[in-house]
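Worksheet: the structure to be examined is printed underneath.
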Amino acid sequence: MFAKSALAYDPLPLPDRANYSAAEMQSKSDDFLAHMQRRHTVRDFTFQPVSRMVIETCIKTAGSAPSGANHQPWHFVAIANPGLKQQIRTEAEEEEKRFYAGGAGDEWIKALEPIGTDADKPHLTTAPWLIVVFAQRWGEFDDGSRYKNYYVPESVNIATGFLLAALHTAGLCTLTHTPNPMKFLNAALGRPASEKPTMIIAVGHPSPEATVPGVAKLKKPLEEIATVFE
């Protein structure tokens, strides 16, 4: 993406400005809160297809996120191919079996009980799309030499948040899945050693029988998640 010959600072006038009244700001923030509170993680999807264009538009939204030095240290692999989804499910479930068989430790397994998860991951083949998020440890200039990426976890996490919000806004449900370890995804998807897989996101429409764990509706109140100095 970057050329060594084009790294000079080039300030541009701010291209987009919002000029809302105090009432409009409150209304918009209230609306967005209500919108995001309707986002739910589900594990039961239908086979109803979702267009590639919708997925790509949501990924473009993720790609607009801020990042350290604007290096944009992420890559998103979107998968609809049934055979490849089955391969990912098979390998992910192997890792999950080891996780639930003792690899995670008793405390972690106990913490997961209210969520109702186990080693079986049918969503990886039922959901019409999987999006695998990769974090790029380093990049390459146009001449092939390496450059360091900065604040990689923070940048990728912000972009992933943008992606989840975009998918929800498109009317889709998601499930974030993090088998451990995830190195098998590099080989399965042909990604280089410079990239580290961080998450598999199942994307689609919820089945009529979809449920959410009751505990998922328990959110900490504002006074527990924020401190304000005014």
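Here the sequence shown is numbered in the numbering used here, starting from 40 and rising by one per residue. Glycine included, each C-beta is placed from N, C-alpha and C at the ideal position.
- Taken atom to atom, the span from the alpha-carbon of D145 to that of Y59 is near 51 angstroms.
- The three-state secondary structure of H114, taken from DSSP, is strand.
- R137 is not a Cβ neighbour of K160, given a cutoff of 9 angstroms.
- Contact between the region 162 to 174 and the region 232 to 239 is present: three or more C-beta pairs spanning the two stretches fall below 8 angstroms.
- An exposed status is given to I154, since fewer than 16 other beta-carbon atoms sit within 10 Å of its beta-carbon.
- According to the DSSP secondary-structure assignment, E179 is paired through a beta bridge with R185.
- For R91, the CB contacts under 8 angstroms within the same chain, skipping 5 residues up- and downstream, are A117, A119 in chain order.
- Residue pairing by DSSP puts H216 in a beta bridge opposite I239.
- With 16 or more other Cβ atoms inside 10 Å of its own Cβ, Q175 counts as buried.
- Going by beta carbons, S233 and G183 fall outside the 9 angstroms limit.
- Proximity to P121 across E152, R77, L169, T156 peaks at L169, based on C-alpha coordinates.
- Where Q126 is concerned, the enclosing alpha helix (DSSP H) starts and stops at 121 to 137.
- DSSP places K67 in the uninterrupted alpha helix (DSSP H) bounded by 61 to 76.
- The continuous alpha helix (DSSP H) containing K99 extends over residues 91 to 102.
- The alpha-carbon of S194 is positioned some 12 angstroms away from that of V172.
- Burial check for F86: the Cβ neighbour count within 10 Å stays below 16, so the residue is exposed.
- Rounded to whole angstroms, the separation of the alpha carbons of T213 and L203 is 7 angstroms.
- Relative to the Cα of K222, the nearest Cα in the group V251, E134, P50 belongs to E134.
- Under the 10 Å beta carbon count, H74 is surrounded by fewer than 16 other beta carbons and is classified as exposed.
- In the structure shown, V251 falls within a coil segment according to DSSP collapsed to helix, strand and coil.
- Rounded to whole angstroms, G200 and P105 show a C-alpha spacing of 11 angstroms.
- Under DSSP, F201 shares a beta bridge with no residue.
- Membership of F223 in the alpha helix (DSSP H) is indicated by the continuous run 223 to 228.
- Taking a C-beta distance under 9 angstroms as the contact criterion, P88 and P167 qualify as a contact pair.
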